[in-house]
Every structure is written in structure tokens, then in C-alpha cells.
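Chains as they are written, first to last, in the numbering used here: chain A, -9 to 1003; chain B, 41 to 533.
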Amino acid sequence: MLFSTTSSGLFNILLVYLTTKYMDKKKYYFIALLIVLVILKMNAQFTVSGTVISESGAEPLIGATILEQGTANGTTTDLDGKFVLDVSGPTATISISYVGFSEMIIPIDSRPLIDIVLKESGVLIDQVVVVGYGVQKKSDLTGAVSSLKGEEIQRIPTPNFAQALQGKIAGVYASPPSGKPGESAVIRIRGTGTLNNSNPLYVIDGMITYDADFLNPQDIESIEVLKDASSAAIYGSRGANGVIIITTKSGKKNKNGEITFSAFTGQQQAAKYISLLDGSQFARAYNQLRGQNYFTNPDSLGVGTDWQREVLQTAPIYNAQLGMSGGNESMSYAISGNFFSQDGIMKNTSYERTTVRLNTQFQVNPWMTVGSNAAYASSNSQNGPNVINSAYRMPPVLSAKDANGNFTDPTFYGLALGNPAADQFYKSNNFGKGTSLLGNLFAEIKFLKHFRFRSNYGYDFNKSESKYFEPKFAVSASQLNNNERLSVREGGNNNWIWEQTLSYLNEWEKHSVNVLAGFTAEERTSNEIGASRENFPGTTDELLFLSAGNDTTQMNFGGASEEALNSLLFRTNYTYNDRYLLTASMRVDKSSRFKPDNRTGYFPSIGLGWNASREAFVQKLNIFERLKFKASYGILGNQAIGNRYPTSAVVTSALYAVFGGGESINTGATILSASNPNLKWESSKQSDIGVEAGFLDGRFSLEADWYVRNTFDIIADVPIPDYVGSQNNPFVNTAQVINKGWDLTFNWREARTVTYAFSANISPVSNEVRKLAQGKTEIFSAFINGEPATKTEVGLPIGSFYGFKTDGIFQSTEEIANSPKLGNEKPGDIKYVDTNGDGILDGDDRVNLGSPIPTLTYGFNASFDWKGLDLNIDFFGVSGNKVFNEKETSRFGVYNWEQRVANAWTPEQPSDNEPRVTNGGHNYRVSDRFIEDGSFIRLRNVSLGYTIPASITQKIKITNLRFYISGTNLWTKQKFSGYTPEFPNGSNSFNVGFDGGTYPLAKSIQFGVNAKI
Amino acid sequence: MMRIINNIGLVFMIFIMSACGDEFLDKKPLGQLTSESFFKTETHAIQAVNAVYANFRSWEFCGLPYIGATDVISDDSDKGSSENDGLFLKEIDDFLFDATNQTFSTIWLGHYNSISRANQAIINIPAIDMNEGLKNRLVGEAKFIRAFCYFRLVQWFGEVPLVDKQLADNEYFTQTQSSVQEIYDFVEKDLKDAIASLPEKSEYASPDLGRATKGAAKGILAKLYLLEKKNAEALALCEEIINSNQYQLVPQYNLIFTEANENGTESVFEIGAVALQAAVAGPGATPYNMVQGVRGIPNLGWGFNRPSDDLVAAYEPGDPRRQATVIYVGEILPDGVTQVQDNPDIFNERFNQKAWVPAHAGLQDNGPGNIRILRYADVLLVAAEAANEVGNSAKALEYVNQVRKRARGSNNFILKDLTITNQSDLRTAIRKERRVELALEQHRWFDLKRWGIQSEVFTKLGKNFITGKHELFPLPQTEIDLTTGNLKQNPGY
């Protein structure tokens, strides 16, 4: 005993004094230590522990109930099927129950350790899902939580799990912003709820993070997506866009060591090429543009150079993974190593990553568990220039190199473009390196029968380095480098989080209560430093370090930022008779991003559920295997704007003025950007009503949720007039947006000689702006050629396209004279529609031209298993959205045109839909001419595998051996003319759906092997 | 039991206390001053005013769109460069633009950015505890620049919003236009304040040469008076400058635009620039030289702002200023070695020699040439114009002939002294003199506007000039859209 009853009051006062005195980071170390001490002294009694596993699969059963007979004393098993229970004495009897299994009653007989094997009762097994700060039986959930097993993700050969989520979960839209190697995906849960950053929050083994790119998908045990208020409100100020909880693989106790090996190799290439004019078509269009025969014989030019194929390539992809896991009575472990390598389909781009992970857990004594999860990842990338835009624009009549082998100077045509082949050659000595270490340490202590205290410390360190050397070269006046230059940059993030949670679990008679309370603190800091020098004594690799450069040319820069968050959290789950469910939660967050007056946010939620299938009258119907109704409501927040100091007006320095006979540089500094000290939380009221049902002996199941997300005080950097003289648009609480929709999931599974399963998830969603702040009726954004291409207004989706409607082509000067016009039209020009019918064509005739947000996203999956053969097919699609072909509007010079210009209007060959060839002006006003249908359906993945019969493999001591072939993005049906119609914008919802020239999507075929020993 | 309650109580007390660590949450921007810590010292005051000057060198202030809005749109030059490069300037040259043309939004932004920086200095510096003389001078410099920007804006756009403070977030969208007269009065007041607080050029120490002076403020105010037809006031101000003995003409016209004459005797106000050996766009550079430089190797300029046939024809026979203004193919450049090569993609190319700079550190976008804003010759011509308008032909002749005399140099067969005394004829002669003396220095559009002869000049040239419309630029379409009705577009757009 550390302190006696009589002295404890005084001791407590002392502790409170010390705690208030040291109000800094050290406080958390101190408090945790304190709590451990307090709890240590509360333990006594006889303790029994053990593991509950299923008879058939020898899988640990998570969440099984252990009760001391004749008392209300009980517990549930943890993620490893383990339990520890303090009982009244060594002669007590315990009962073990689990949904879908027959209950067992066992006398303890003084045994401290009892392992229990439960028999299945034939009823559907209840799934256990990971929720914020804990686990719950799926049948007890009142919120909308979707789970995905690791295997589902590992089928897609990508280094990034986010890309593999595409089409997998109802209400979760995952879209890669480009086909760049190693690229992540933009994820939207239940639509775009905000105008700024709509990215969800990631929680990896308890560590809260905004970036999960370092994670090796093969290490994932499960992914849980928290979609509604009841499940996500425990993450308060960051839960509004949904939460993705990732649990990595851990070893199982009392299990023989297992070795897994998997590898695949494949080839990728562009999934699609854009249809552009070929050499002779370009020459004819160019002649039409200039009104003269600049190219005297266009036909002789033939196909010309296909610039897209000039800069793209077929690229290999490799992956190898080795893992080991196992455990004994007191510890378990999982260790894995992974190497992934991907060359980009654009030349001189590549990404490779090595990850190592070690997850361990130790049973220190019957009431204390400690453990850690640690991942180390290092990546290397070559970041050659993205030349897809210049390849798209380069006239096909030019070749990459001339007869002498020199790169062609394309400026002959007045192009302000670099030869993309030359850029790839000269600007690819650009390498990046990333190192990250992310892990957590936790201790869990059980005390006083029903209490658990858990302290979790997470640390996330990552560092990125880049090194770019540009040699001297000269291709043209605008594509040259006079001074060889080496630039290096190093940036790092240090984030820590410490969570203390206390939970109370109790079950008595028909009641079950689970209360959680906790506090967390976290701090995030970033810093970067960079430098450059010119003129090197040589350009071989060993000389390309700053020290070798000319020190009179040196330059450097640096910067740093930090933020912190303090939170209190509370949640209670109450279940009566396994049928009536209540979840209530509250989180209080304080963020350093806001001024003290607006710093604190309160985020409550409540959820109700009814397991109707456990009612006798429903069971009598004999229709439902499972039937549950649920409803939830809550308020969540969002503060994820790309600026850690949105309320501070910062002073920009390095604004130099040149004065004096000596032409010296005079440092200047001032405030360039408007700021908003009154900024406050963005909040979202979310409601959800759902039903889950299982029929036909569990073969068919469905889940349906209807939800409303009402986001208000939305933080956005709304464009402001230039006369304000601000360099940036300040963040303001600007609008209210409503997302309404359905998440529907259907599953069919039949296990016979051929096991087959079908699943579908369908998510219709509508997005509507309800209100704009500051008395504004509209927000313009996405300025193209001097006018806005989106207009956000009440009653329409966010960032709806805006511009002129077109109605064919003017055929004659008479027609122009008799029509409303902008003023400078000639025959062959586009007719814009006088939509308001006032006889005058002007800016007032611009109208809504559709929304970039899909109204429907869906995924289908089919799988078959037959005698060791397995086949898996995934489809993914969206519809109802538009795409703006922005790359076609930008013509600073004579760029190549898209194929449709081959049919351009000429006096000899009039056209009704394709204007005369021009290079700017009238026909390039923002109009529906550049807007295309964004709907598509894609065969995301198809794989065919064969597992060698165990009778053969066991002879060589292999438990499982499978070979497979799989294809990714092999087939897409899309109307859009570009590489892919997906253009998410991770940070600005006003500018979504613009194709400004993106890295093309890749398709690939892989061969692979999985083995288990 | 008591013990348990006590201990549980302790745990929850700790929970509650953890919520009070507010110092932990006070995170300030690192490595940066903020509005709370800035404008506190003399150094801050100097830096804030330097920042106003710094914006002069931005693309928005002096880049290609600015050249378009001054020279290309005038009768002095054509778009230049290759046929299809920079088509938005072709629209400007041909009066086929609308309110979405980037020329207007760019110069608008560039000048309002300067105004915003000047406003901060003017509002915040007075409260700083510092040397009073320096304080007055710095505020005067900022007022000069603010007035200069509004003077340009009002000539380009007519009625514009008169922003003279840092706007609060509920004022961003609600500004309305002030009348032209209100803007004139505002500019006049700022310039008068500047005149009162600024030193003469010679009072600046050498390292500060290039900062706004009393003479510069008087010169700009004289131009405003001329525009307002307050000719006597304009003449008086010019004569104050002339009699201040701060300025004299550079003896050789073709040397005005060399590096040696940056901030030279003829310079009343200019934008300082320097090419430091540094990364692509150096910290002291402007895009001004690049966009007008000879297109192609070795100059690597973009080749915009081609001296027009009409300008070339405007010079009197033998006027050496033509050769000093226009670069032709085959010509040896002023560095004495480089010969201009024919560029096969440009028909009949010519370039602006006044923007030409010799080889320098960095790439072509590291433009080192100071941009001459107000030359003493300009002041003399304003004086001549004002004198003639008040009927004092003697004075007018005296001033205009000083300019001609310098231009002719030692060659007495050309550019003889003017002797016309008829007011109308002398007016024509002074205007012609002004054109050739100041050609391609971005004055012509403002001069045509002041003289009210835009329609006449452009109609004669066969341009698509619409009288009653094209005298003013359209307000940028983005500004009209963003303010939803608070800003009124100019007639005809």
C-alpha cells in the first residue's frame, strides 16, 4: 500500500497541487504514473484468466461474456479472445456465452488459467467491430460502422490501402487523384460535407493521424469506417468527415508460430490515351487557324509524333512480404517485412517502399497487459517532371529529337512549352526519400472487477528529404538552365498523443453497461529546411552534395509550425436484454487553432437500437435470421484546414526593395494576407436511421442507412475581391450544406460444392447548399480565362459548374447580325444562348451547368470458390457528375487540339457543333462546350487463383499455397475524353472535377503467390 | 469503501484538471511576426514601407499585362512576339477584348496590392515610437505610392472603389465605386501630404536613392492637374521641380536607359531592380525586361511590345531617338557585340530598346533594369504643355526645346528648335514631341486619354475602337461577379 486511508485525502491534495503546478507536457507523464499507482493498490482477490476459442476454426472469440455464476460479476473477452476475471474465491463457477455458440458452465477448481473451447450453435456468429477507444459486438452497435477485412484490401496491388477501398464500402468514395506511383487516394465518407478539406480522420492502432500513406496494406487486419454521429462523435472536432479506424495484425496467444509469404509482380500501362490530332490533321487545323497554307502539304506529315506514348512507358510493379506471428500464454507477436516497388507509367517516376512492423503484447500478470505496435517505413521515389500537359499540347508535327539527335526546339511555333522529352531527360535527377516511425505503447490494468484503465502513448515521426539537381542545358529560349543547381530540402513532423481512458463494464441480470471516460492530449509540430548551390565541379553522383557547389551562390530557407489539442471524452453503452440499445457520448475539444473565446467545442451524440430478431414475435415469423433497427443523432466538428494559424495575420518578410547607387536589396515585410480572428469550429449535425437484416439461414443479408448531414459554419477560404489587396483568401465560417443519402449493402453467400458470394453497395447522395454567410448569395471560384467556372449558390450542390450554354455554330454574318451576341463573333464561332431572353448576350446569361459531385456511387463484388480455384471480380462506378475539361481551355500558343477539332467549321465544310479553329477568345469562354459527363463504371480488379491441395503441400510442410493472376483497371466504360473522369480535390470543394492535365491512370496485370507455413 | 471512493474521486479530479492547460494550447506562428507583434519598432516601419516598393516589381504590377494596358493598347506598339503567343494581348491591340481579358484583372490586382501595403503603412506607422522625421518621411513615401496607384487606376478604369484602410471581413464585398472627382481629390490630398513630408532627391543618402521624393510627388501631382485642366497649377508645380535644381537631362538620349544612368540625374522616379546571382526569379528582379526582350537566342526575351509602323513614322527624319527606341533585325545591340538575328516565326520583328538589358546573372526572368516612371524630360514636357494651355508660348517653347536640344546632341541639322507660337499648332507639336521622346515608356495611352483624342487616333488607324466604350477599360469580370451588383461595369461592356 502506498498510502493509507487516513493520509490519502492529504496525499490527493498534494497531487492536485503538483498537477496544477506542472501544466505542461510533462503533466501527462506524471498523471499516468499517478493513475497506475492508484490502481495498483486496488487489486486483491482470486483471479482467473484464459482464452475463449471456437471449436471449428480455433479462432479466438472476441467479446464472449464470462460471468461468475450467481453474481453480476463478469467480463468479456478482448481482441485475442482473452479474459481476466476476479472472482469471489477459488471455488466459484463461471459461465461462458457467445452469440452463435452454446453456453458453457465451468467450475474453477482453483485453476488460475482456463482455456475454453465453445461449440457453435448453428446461429450466425456475431461480429466484433473496432469502435473509437474500444470494441463492440456488431449487434450492440447503434451507429453506422462498416468493416472490411484485410484480405479484401490486399487483393488490389497498390502500396496504399486508400486506393484499395474504392467500391468496397457503401458511402465511402475513394478516388486516386492521379496514377502517380505511390499516390494516395482522396476519400469521401457520405459525400462532400464541407467546402474545405473533407478528408476523414485516420486512427491507426489508436494513433490519430491525417496521413496513412506509410501503411503497408498487407499489415492491415481490419478497417472500420465510422460514418455517423453515434460512432464518430467520440472523435469530436475531427469526426465530421467520418473516421477510418485501422487495426494492424497482431499475433494470437497460445498459437503456434505461423509464417506467411506473399509476392507478386506485374506490368502497368496507361489505361487510356487521349484522342488528339495527328500530324496531318494538326497541319490542316493550323492552316485554318492562320488562314494560309503554312503547311503546304499536310497529308505528307502522316501520323507524326504520338507525344503521349513518347513520355509514357510500360512499367513494372513488384511486391514481396514476409510475416511471422504467434504467441504463448503470456505474450503474442506479429512481425512483418514488406518491400514494394513501382515504376510509374510516366518515364522517370518511381516509388519504392520498405516497411517493417512489430506488434507485441505481454500479459504481465492476470490484471495487467502491456503492448506496443511499431512500424518503420522508408520510401524512395524518383520524381521526374509531370510532362503530361506538355505532351498533350505538343504539336505532333514535331519530333522529340532532330536528325542530329538534339532535342527539338518547339518554340518555332510560338509555343511557350518545353519539349517534354527534354524535360524528362534533364529534370529527372529529382529524388525523394521518406522515413517514418509510427508506434504506440499501451498498458491496460483491470481493477475492482469492472474497471479498466488504459494508457496509450502514440508517437508519429516522419521525415521527408528531397534532392534535385538540374544540369546546364539549352533547348530553347524558354527551356534552358544557365546555372547547374542542386536543391535539397528536409522536412519533418513530430506528433505525439497520449490518451488515458477509464472504462467500467458490468452486466447483471438483463442489463449490460459499458462506460468510458478519458482525456487526451496531442501535439503536432512540423519543420523544414532547405538550401541550394550552383556551379558544381562535376555532375557525377558523388559530387552532388551542397559542399561541392559554389558557396557564393548558396541560398537557404526554413520554417516550422505547431498545433495542439486537448480533449475530454465520455461514452456510455447500455443494453437491456440484448435487445434495447443506447449509446450516448460526449467529447470536449480545445484546439490551438482558434482564439481562446472560440477554442472549446462540445460534441454530443445519442444512438438507439432495437435487436428485433431477439423478440419472440419476430422469431415466430421465421423470416429473419437477424433484424435490427437503429437511429442516431449527434454533432461533430471539423477544423482540418490547411493552415495551423487561421486566426493570426502573419507578416511576410523577404519582400525586397532595391534602392541606391549600389543597387542593394532592402528587406521589406508586411501583412499580405487577410486573416479572421473570429474563426470558430465548423460543425455538423448528423442523423442516421438504419436497418440490418439477415434472411434465408444467413445467406442473404442487407444493411440500409438513411442519413442527413447538416454542416454549418463551414470554414472556407472564399474568394474575395482583388481590391481588398489580400494575397490569400481568409478562412471564414461561410455556409451551410446538407448531404442526404442512402448507404445500401446487399450480400448473398452460398456455401456448397461451389461457394459463391455476391455483394453490392450502392450510395445515392444529394448535396445542397442551404445558406451562405456574410449575406452572400453566391460564391464564385475556379477562375478560367478570366471568369469563374463554378458558382456555389443556395439550392445547388457545392462548386456547381457555371458558364454559357451553347447552341451550335454561327453559319453566316447574317445569322450573327440577327442574333444576340457578345460582340466579336465571326462565322464559325459558337452561338451562346441568351438564356434570360432579354435579347442581349452578356454575363447575366451564364447558368448552372451541372455538378461535379456524383449523385450515385456503387460497387459490385462477386467471388467463386470451387475445388481450390477462386475467382474474384470487383466493379466500381459513379454517375450523375460532370467533368470540366480544363486542359482544353488553356491555349497559350499553338497547342495540339483534341480529335474533335478535325471536324472544325470551315466555310467549305460547315459544322453544327465544332467551331472554327481558334486559339483563344470567343470560343474559349467558359461554357458547356468544355463540360463532359463524368459517369463511369470500371472493372477495378479481377483475380483468378488456385490453391494447391493441402494433401500435396503438407508433404513439404506448407499449410497453404496459392498462385494467382490478377488485373487492375482492365476495363472502364466512360464518356469523358480524358484519361480518367476522377478529379477529386483534397482541399477545396469549390474546385472539384477539373481536368487540368493529370497523371494518367494505369492498368496492370500481376502474377502472385501466397504461402503459409 | 471510502478509500475506493476517494481514489476514484482523485482519478476524476485529474480528468477535469486536464482540461485547464490553456498555455499548452497557445500556439503562435513560428518564425513569423503577426499583426500583434508587427508595427512596433522603427525597423518594422522601414520594412513595411520597403514592402510597398517591393510590389512594384511583381508580374501583376509591371509584367506583360501592364505593357498591354499601356503600350500595346496605344498606337505606339503592336503585340509583338510570334503570331500566336500571348493572344490576350492581340485582343487588346485590336480592341476586341471583353471584361474577362487577363490584362485588366492583373493590373487591377497589382495596383490594389500596392494600395493595401501602403494603407497598412499609413495607418500603423504613426503609432510607432520612433524618430519623427523618419516617421513622416515613411508615411509620405507610402502616400506617394498609394496616390500613384489610384492615379493610374482612375485613368484606366474611371470609377473604382477607393479603399484607404484594411477592410474588415464584413466589408470585403460591399465596397462601391467612388466618382472620378473623388478619386482625383484623394490623390491630390495624398500627394500634397507627400510633398510636405518627403525630402528632395539630394537629401537622401546614396543607399536610399530611389525612394519617393518631393520632386516625384510634385511631378505626379502636376500630371493630375494637367488632366484636370488646372494648367496654371500644373505649370507652377513643374517649375518648382525645375527650379529645385535636383534634376538635369542626361546629355545623350541613348544612355538614359543604361545601367549607369539608373537613378541618374534625369531620374525623378523609377522602380529599382537588380539581377542578383540567384535562383530563377531573383529577389531583386522584374519581369519587365524579359517580356519585352529580343525573342530568341541570345537575349531569350519574349519579344512583346513591337514598336508600331505608326510610331516609327512619327519620328522626324534623322531623329536619333528612333534608333534608341527601336531594335531592328541585324542591329548591333548596345552591348556592342550582339547582333539581332532574324526569327523566322516573327514577321518584320522589332523590339523595345528601352527595355533591353545586357547579359546578366540568372535567367532571363531575373530582369535587372530599373523601370523609369518619371523622367525630367517628362516634367519639362508637362511644363511645356501646361504653359501652352495657359497661353504662355514662350515658356512652352523654352521647355520643349530643352528636350529637343538634348535629343539632337551635337547634330545641328536635325530636330531644330521649335518656334511656333500659335497655341493650337504648338499643342500639336508638343504632343508629337512627347510621343517620340517618351515612346514605349508606358505613357502614351494616358496621354491620348488626357488629350481626348483616343477615338480620333484609333479610328484613323482602322482599329475597332468604339467611342464611348473603349476610353475606359472594363472592370475585371471577376470583381463584378464577386461583388454581385455593388460594382457597376463601365458602359459598353
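Every residue gets a Cβ at the ideal spot worked out from N, C-alpha and C, and that includes glycine. Note that the structure is predicted; figures quoted are calculated from it, not measured.
Could you confirm whether any beta carbon from chain B is found closer than 8 Å to the beta carbon of A/L645?
yes
| message | If I follow the unbroken alpha helix (DSSP H) through B/T365, where does it start and stop? | response | P360 to T365
Requested in this report: Would you give the residue range spanned by the beta strand (DSSP E) that A/I378 belongs to?
Outcome: That residue, A/I378, is in no beta strand (DSSP E); its alpha helix (DSSP H) goes I378 to R383.
(message) Which complete beta strand (DSSP E) runs does the segment 683 to 714 of chain A hold, if anything under 3 residues is left out?
(response) Look at the segment 683 to 714 of chain A and you find these whole runs of beta strand (DSSP E), each 3 residues long or longer: 690 to 707.
request  = Closer than 7 Å by C-beta to A/A34: which residues in its own chain qualify, once you throw out the five before and the five after it? Chain order, please.
outcome  = With a pLDDT of 44 at A/A34, under the threshold of 50, the modelled position of that residue is not reliable, and the figure given next carries that caveat. None.
Requested in this report: Output yes if chain A places a C-beta closer than 8 Å to the C-beta of B/L522; else output no.
Outcome: yes
**Request:** Report the residue ranges of all beta strand (DSSP E) runs contained in full by the segment 515 to 569 of chain A; include only those spanning at least 3 residues, in chain order.
**Result:** 540 to 566
### Message
Please give the ranges of any alpha helix (DSSP H) in the segment 42 to 78 of chain A, keeping only runs that are unbroken, at least 4 residues long and fully inside the region.
### Response
Segments of the alpha helix (DSSP H) lying fully in the segment 42 to 78 of chain A: there are none.
The segment 148 to 159 of chain A / the segment 240 to 249 of chain A touching (three or more Cβ pairs under 8 Å)
Segments in contact, no.
When you compare each of A/T803, A/V722, A/W357 and A/L734 to A/A683 by their alpha carbons, which one comes out closest?
The residue from A/T803, A/V722, A/W357 and A/L734 with its alpha-carbon nearest to that of A/A683 is A/L734.
_Length at least 4, wholly inside the segment 77 to 105 of chain B: the alpha helix (DSSP H) runs in chain order_ = 82 to 94 and 99 to 102
* Consider the Cβ of B/N345: report whether some Cβ of chain A lies at a distance smaller than 8 Å. => no
Contact criterion: CB-CB distance below 8 Å. Does A/V640 meet it with respect to chain B?
yes
query = Of all the options A/F984, A/G294 and A/S227, which has the alpha carbon lying nearest to the alpha carbon of A/S673?
reply = A/S227
#### Entry: chain B contacts from the segment 694 to 715 of chain A (Cβ-Cβ distance under 8 Å)
P709, I710, P711, D712, Y713, V714 and G715
(message) Less than 8 Å between the C-beta atoms of A/F614 and A/L669, yes or no?
(response) no
With the cut-off set at 8 Å, would you say A/F984 and A/F973 are in Cβ contact? Going by C-beta atoms, A/F984 is nearer than 8 Å to A/F973.
Practice item. Kindly give me the distance between the Cβ atoms of A/G481 and A/S516, rounded to whole angstroms, as I take these residues to be in contact under 8 Å. Key: 7 Å
(message) Give me, in chain order, the residues of the same chain whose beta-carbon lies closer than 8 Å to that of B/I367; leave out the 5 immediate sequence neighbours on both sides.
(response) V334, L373, V380, R390, F391, N392, Q393 and W396
Using Cβ-Cβ distances below 9 Å, what residues of the segment 238 to 249 of chain B are close to chain A? Of all residues in the segment 238 to 249 of chain B, only Y244, A245, S246, P247, D248 and L249 come within less than 9 Å of chain A when Cβ atoms are compared, listed by chain position.
Exercise. Compare the C-beta of B/T518 against all C-beta atoms of chain A and say whether one is closer than 8 Å.
Key: yes
*If you measure beta-carbon to beta-carbon, which residues of the segment 715 to 740 of chain A are closer than 8 Å to chain B?*
Answer set for the segment 715 to 740 of chain A: G715, S716, Q717, P720 and V722.
Roughly how many angstroms lie between the CA atoms of B/P323 and A/G196, to the nearest whole one? 46 Å
Original post:
Listed in chain order, which residues of the segment 778 to 791 of chain A have Cβ atoms closer than 7 Å to some Cβ of chain B?
Top reply: P778
ask   = DSSP state of A/V916, grouped into three classes?
value = coil
**Message:** My output table needs one value for A/F794: the three-state DSSP class, helix, strand or coil.
**Reply:** strand
- Task: List the residues of chain A that B/L207 touches, going by C-beta distances under 7 Å, in chain order.
- Result: V714
- prompt: Within 10 angstroms of its Cβ, does B/L527 collect 16 or more other Cβ (buried), or is it exposed?
  reply: buried
- request: Could you confirm whether any beta carbon from chain B is found closer than 8 Å to the beta carbon of A/V648?
  value: It does; some Cβ of chain B falls within 8 Å.
With DSSP collapsed to three states, give me the class of B/R346.
Secondary structure at B/R346: strand, using DSSP grouped into helix, strand and coil.
| query | Around the C-beta of A/V744, are 16 or more other C-beta atoms found within 10 angstroms, so that it is buried, or is it exposed? | reply | Exposed: under 16 other Cβ atoms inside 10 Å.
**Asked** By how many angstroms is the C-alpha of A/T398 removed from the C-alpha of A/D392?
**Response** The straight-line gap from Cα to Cα measures roughly 6 Å.
### Query
Going straight from the alpha carbon of B/L501 to that of B/L488, what length do you get?
14 Å
Once DSSP output is grouped into helix, strand and coil, what is the label at A/G269? helix
- Is there contact here, the segment 589 to 605 of chain A with the segment 571 to 579 of chain A, by at least three beta-carbon pairs under 8 Å? Touching, yes, given that three or more Cβ pairs across the two stretches are closer than 8 Å.
Problem - Residue interval of the alpha helix (DSSP H) (run including A/W297) - result: In this chain, the alpha helix (DSSP H) harbouring A/W297 covers W297 to V301.
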